[in-house]
Amino acid sequence: MNDDDLNELIDAFTAECEEFLQSMETNLLAMEAAGLKERQAAVKEMFRAAHSIKGAGSMLGFQNVSAAAHTLEDCFVILRDRTDLAALEPTTVSVLLQGVDALKKITIESVQHSDVTTPDQTENLEAIAQIFAQFQAKYGKSEQPPVPAASQSSAPETLKLIFEQQVPPLFNRLETELSQASEADLTTSVTTLKQVYYQLSGLAGMLQLPDFGKVAAALSTLIESPDLTLQRLQSEGWAIAQNLQTARQQILEGRAIDIPEISPTPPLSPSPPLPLSPSSTPPEISPSPTLPVPNPQRPTIRVDLERLTELVNLVGELVINRTNLELQESELRGEVKRIRRNIVDLSQFGGQLREEYDRLSFAEWRGGNGSSGLGKVAAVETEFPMIANGKSSPVHAHFDILEMDRYTEFHSTAAEVIETAQAISHSATKLDTLAIKFERSTDQLRRITEQLRSRVMQLRVVSFSRAVDHLPRALREMCLTYDKDVNLLLVGRDTKIDESLLDALRDPLIHLVRNAFDHGIEMPEVRQASGKPASGQIEIEARHQGGQTIITVADDGKGIDPEIIRRKVVTKGLATEEQAQEFSIAELYDFLFWPGFSTTEGVSDLSGRGVGLDVVRTNLRTVRGTVKVDSRLGKGTSFIIKLPLLLSITDALMVKTDHNKIAVPLDAVEEILHIKASEVHLAGNQPMLWWREEFIRLVRMQDLLEYSVLPPDAPSPDPLTQDEIPVLVLASTEGMLAVAVERLIGQQEIVVKPLPPPLSKPRGVLGTTILGDGRVVNILDVDDLVGQPVVNSSIAAVSGKLQELPPSSSQSPQILVVDDSYTIRQLLSLTLTRARYRVVQAKDGVDALEKLQNGLDCSLAIVDIEMPRMDGFELLRSIRSTERFAKIPVAMLTSRSGEKHRQMAMELGANQYFTKPYSEAQLLQAIPKLIHHSII
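Going left to right, the sequence shown walks through residues 0 to 935 as numbering that gives the first Met the number 0 numbers them.
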């Protein structure tokens with residue numbers, strides 16, 4: 000076995016151990032509120048998990064892991080056989096949880112240090128041994144028959160050598176055959192197991208170990224049974240394998256072999272009970288637990304994560320190109336229909352030509368000589384001479400016009416037109432057939448693409464439970480420590496998320512749970528006094544909506560008092576009293592995520608350091624996630640996390656508004672309405688719509704979205720002034736909102752493409768998608784839009800909207816950007832320019848001061864702190880000490896997030912303090928207020 004194969008096995012072992020350890024922890028936590036039968040099943044499940052870890056660790060040479068798992072396995076045996084599970088004590092669960100933690104640490108240490116015993120491993124091994132000793136002291140040791148003194152000594156070296164080196168391969172062969180046994184190959188498995196038994200029995204006879212031979216004899220009794228089934232073979236076989244392992248360990252320790260007898264598994268079908276020998280009595284304890292039967296190993300390969308990501312991206316491109324094919328197929332069908340209509344017109348034209356010629360010929364015959372019709376026919380014959388010798392033929396001279404048809408080139412031309420039309424019609428039929436085949440191929444491609452997308456996404460996604468399974472344990476420990484009773488409700492545990500998001504989610508979720516437990520949930524007596532149940536509840540929900548994963552952490556506690564935040568902001572010097580009064584609720588909540596900010600006066604183990612929520616936002620930014628707060632005083636608080644999906648293909652409703660196509664995720668559309676203008680009600684200046692027995696806000700979509708591009712020359716149509724108003728009723732966690740659009744285009748499947756870094760997510764825009772014709776269309780973030788206040792939403796708000804437009808380039812405010820990083824200057828300038836501000840750059844404080852002294856007129860300065868020649872603090876001090884520049888607002892933009900730097904900037908006169916990486920939306924939202932403050 001080479002190093003790659005060994006590393007692959009170790010990776011599989013690590014992943015398997017994580018699952019088994021998490022299973023043990025989950026079962027221990029569930030036992031406290033479970034009934035007796037559920038507790039018994041949980042103990043068996045934990046015993047199987049510990050046994051599996053022991054066997055896998057031994058196979059890979061991790062002896063410390065195997066020994067620790069074996070000791071923990073013995074603890075579960077005591078729990079199963081010698082305790083009253085109906086009266087399970089919480090302290091017993093706590094002790095076993097500590098044992099699981101110790102085993103987890105030993106596993107990690109063994110993998111990292113190649114099973115070299117470290118002091119930490121020794122400490123954890125001793126901790127598990129102490130737990131086992133506590134269980135023996137509390138529940139009693141197993142009664143063992145008297146053992147001769149000679150046998151109590153250590154086993155001879157030869158015996159040890161045999162049981163350490165030669166016996167384990169036999170056990171591995173036994174367990175492998177049990178795990179891979181099947182109904183089809185049951186006879187083959189029995190033959191192999193007989194060979195294992197003969198070797199074990201011979202070994203027992205050679206070494207004079209009759210007790211070990213009795214344990215092995217159970218295997219012979221099992222495989223010789225006439226009514227042997229696969230279920231019984233695997234159930235009792237695993238129990239025999241466990242007994243053989245225990246006997247081997249007892250021999251190595253020099254102890255007498257003491258193994259309980261195994262009760263046979265009752266058959267599934269009704270059958271008479273097997274007779275018992277007089278000497279055999281059924282054991283008082285339940286039979287050894289049935290160990291899980293793993294599926295046969297299937298070949299696996301290791302794939303680099305980047306290659307898997309490339310594959311996922313290619314699937315997205317495939318879907319886009321498939322959409323393009325569908326568009327072309329639709330255009331082809333349309334063209335075929337148009338060709339058929341033209342063929343019909345051409346056939347009618349040819350028929351009219353022939354009818355006209357026949358009419359003229361008939362007129363010649365009827366009119367005779369001197370008839371006006373004769374002149375017309377003569378004119379036609381002059382223009383189109385007779386063919387096939389026509390009138391000059393002596394044969395034709397004996398027949399008149401009724402007795403022999405006469406043909407001219409006119410008649411031939413009409414026939415050619417008809418024949419050409421028929422040929423084109425035949426080709427159109429073939430085109431129609433090809434279009435039908437094209438449509439079927441496109442449908443098949445759609446199904447294959449959907450299957451491919453589903454299979455590929457399964458390679459990268461895991462259940463949300465992987466991110467939250469550790470939280471019940473953490474919450475239980477906090478409840479015991481701080482004397483609170485809090486329930487944790489997990490909703491959407493099976494929601495699929497990208498595996499790469501797990502690490503970024505674990506810390507934020509534990510911090511949010513700790514925050515809800517400490518700041519949100521009140522003490523039991525306080526809750527009862529306010530009419531709430533004594534037991535609080537924290538709910539974590541995960542779901543998919545509109546191409547993103549939304550995770551909500553909500554509690555039913557006291558909520559967040561914005562006035563406490565406002566006072567804290569002033570106390571910490573982050574804003575003046577006047578500025579703090581102007582902050583909105585959302586702006587106040589944003590301070591909760593600042594480093595070092597906490598509403599708690601004292602510092603405890605849970606809170607007061609201002610670290611938790613800062614970690615939440617920082618971790619989420621690394622995966623392009625966002626977090627927002629919604630709180631109701633006295634009712635509770637919700638933290639809403641939004642994470643982009645690695646690849647999201649969703650259905651969207653395409654609409655047109657303000658000369659632009661917009662994609663609205665279909666799962667956020669509650670209802671599509673067409674209303675009359677008379678159905679719009681006004682509440683003051685706000686249009687309202689009566690919908691399902693309540694009034695909801697009605698706004699135009701162009702009022703919700705802000706574009707940093709010049710508007711077209713043609714005025715934007717106002718959907719609220721139409722006779723029939725298309726309205727979308729949008730639903731989100733923020734509530735309901737009715738949105739009027741210019742026109743509904745139709746439903747379409749789209750690939751959601753989040754904006755790549757360093758671009759920040761615009762407010763109200765989830766991402767983009769590429770249509771079949773190559774156009775890029777924005778996708779709405781409904782949650783952002785529903786919670787966004789709209790000022791100019793009245794029917795006659797055209798003048799109000801003009802006031803909101805950014806000023807023209809000649810009148811727009813000028814902003815001075817001071818940073819020694821060229822990249823930061825260019826990125827910030829691009830952001831401000833798109834927002835229609837004029838920008839002047841300076842590479843350090845000296846350069847900026849020179850530009851100001853030379854007459855630069857700026858409405859705002861955005862300044863970095865650490866720069867050569869003159870840093871940001873020195874520049875700020877110079878600006879405030881110069882009367883000409885003293886009124887210029889200064890916002891600090893720096894990577895220094897410490898309280899000391901922030902306090903120094905505020906003392907020197909900074910108006911705002913931003914940290915890198917900055918939020919583009921927050922920066923653009925704060926700039927107008929800073930400029931307006933300077934004007935006042």
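Where is the CB? At the ideal position from N, CA and C, for every residue including glycine.
Collapsed DSSP secondary structure at residue i in the structure displayed
i, result
"Thr280", "Annotation note: pLDDT 37 at Thr280 (below 50); position unreliable, coordinate value reported separately. Three-state DSSP puts Thr280 in coil, outside helix and strand."
"Trp237", "helix"
"Pro916", "coil"
"His931", "helix"
"His469", "coil"
"Asp589", "helix"
"Leu697", "strand"
"Arg837", "strand"
"Gln97", "helix"
"Gly350", "helix"
Per DSSP, the bridge partner or partners of residue i
i, result
"Asn486", "Gln536"
"Glu670", "Val728"
"His680", "Met687"
"Gly745", "Met653"
"Ala132", "Partner(s): none; Ala132 has no beta bridge."
"Glu355", "Answer is none; Glu355 lacks a bridge partner."
"Ile661", "Val654 and Asn777"
"Met903", "None; Met903 has no bridge partner."
"Thr636", "Asp554 and Ser630"
"Thr625", "Lys641"
Own chain, CB closer than 7 Å to residue i, minus 5 neighbours either side, in chain order
i, result
"Glu476", "none"
"Arg247", "Phe162 and Val166"
"Phe884", "Leu851 and Ile878"
"Arg542", "Gly491, Thr494 and Ile549"
"Ile342", "Ala420, Ile423, Ser424 and Ala427"
"Ser224", "none"
"Tyr917", "Leu892"
Backbone CA spacing between residue i and residue j [nearest angstrom]
i, j, result
"Phe516", "Gln547", "27 Å"
"Asn486", "Asp818", "50 Å"
"Val311", "Met456", "7 Å"
"Gly349", "Lys336", "20 Å"
"Tyr836", "Asp870", "25 Å"
"Asn63", "Ser109", "7 Å"
"Leu28", "Ala651", "42 Å"
"Ala33", "Ser529", "31 Å"
"Thr656", "Ile9", "56 Å"
"Leu703", "Leu489", "34 Å"
"Ala796", "Trp689", "Residue confidence is low: Ala796 scores 37 on pLDDT, short of 50, so the model does not pin down where it sits. No coordinate-derived value is stated."
"Ile564", "Leu829", "34 Å"
"Glu438", "Arg446", "13 Å"
"Asn684", "Asp780", "26 Å"
"Val76", "Phe46", "7 Å"
"Arg340", "Arg833", "50 Å"
"Glu898", "Gln527", "39 Å"
"Leu612", "Glu538", "18 Å"
"His673", "Val726", "6 Å"
N- and C-terminal bounds of the beta strand (DSSP E) containing residue i
i, result
"Val817", "Gln813 to Val817"
Run of the alpha helix (DSSP H) containing residue i, from where it starts to where it stops
i, result
"Glu521", "Here Glu521 belongs to no alpha helix (DSSP H), and DSSP marks it neither H nor E."
"Ile878", "Gly871 to Ser880"
"Thr893", "Premise fails: Thr893 lies in the beta strand (DSSP E), Val889 to Thr893, not in any alpha helix (DSSP H)."
"Arg492", "Premise fails: Arg492 is in no alpha helix (DSSP H) and is neither H nor E."
"Leu501", "Leu501 to Asn514"
"Gly60", "Where Gly60 is concerned, there is no enclosing alpha helix (DSSP H), given that its DSSP letter is neither H nor E."
8 Å Cβ shell around residue i - same chain, five flanking residues per side excluded
i, result
"Asp484", "Cys478, Pro523, Ala533, Ser534 and Gly535"
"Leu875", "Val862, Val889, Met891, Ala904, Leu907, Gly908 and Ala909"
"Ile864", "Asp870, Gly871, Phe872, Met891, Thr893, Arg895, His900 and Ala904"
"Ala41", "Asn26, Leu27, Ala29, Met30 and Ala33"
"Leu619", "Ala503, Pro507, Thr625, Val626, Ile640 and Leu642"
Close beta carbons around residue i, own chain, < 6 Å, minus the five adjacent residues each side
i, result
"Arg762", "Asp783 and Ala920"
Distance cut-off 6 Å: residue i Cβ against heavy atoms of the ligand NAD
i, result
"Ala48", "Only the bare structure without any ligand can be found here, which leaves the ligand NAD out of the picture."
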